[in-house]
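Working notes for the structure below.
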Amino acid sequence: QALKVLQLQVQRLHEENHALKENNKVLLAEKPKWKWHVEVPDELVAHEQTISLYAHKYSMTVEM
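So the sequence shown is residues 504 to 567, counted in this note's numbering.
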């Protein structure tokens with residue numbers, strides 16, 4: 504008897520999981536597909552590289 508109850512619960516959870524997966528597929532399909540592509544000025548890229556370089560040097564000094 505207990506086994507039958509557990510089997511019914513597993514079946515119900517399986518069906519609920521299937522319904523949620525289908526709902527998720529629908530939501531993903533309806534999700535807007537916006538792509539933002541912004542041109543970054545070269546001076547900001549150079550600034551970013553400088554920050555990365557100093558951060559790398561700082562992390563090496565901290566490790567020592």
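The beta carbon of each residue, even a glycine, is placed where N, CA and C say it ideally should be.
- Under the three-state reduction of DSSP, glutamine 514 is assigned to helix.
- DSSP places lysine 534 outside both helix and strand once states are collapsed to three, so it counts as coil.
- DSSP places glutamine 504 in the coil class of the three-state scheme, outside both helix and strand.
- Under the three-state reduction of DSSP output, glutamate 542 falls in the coil class, being neither helix nor strand.
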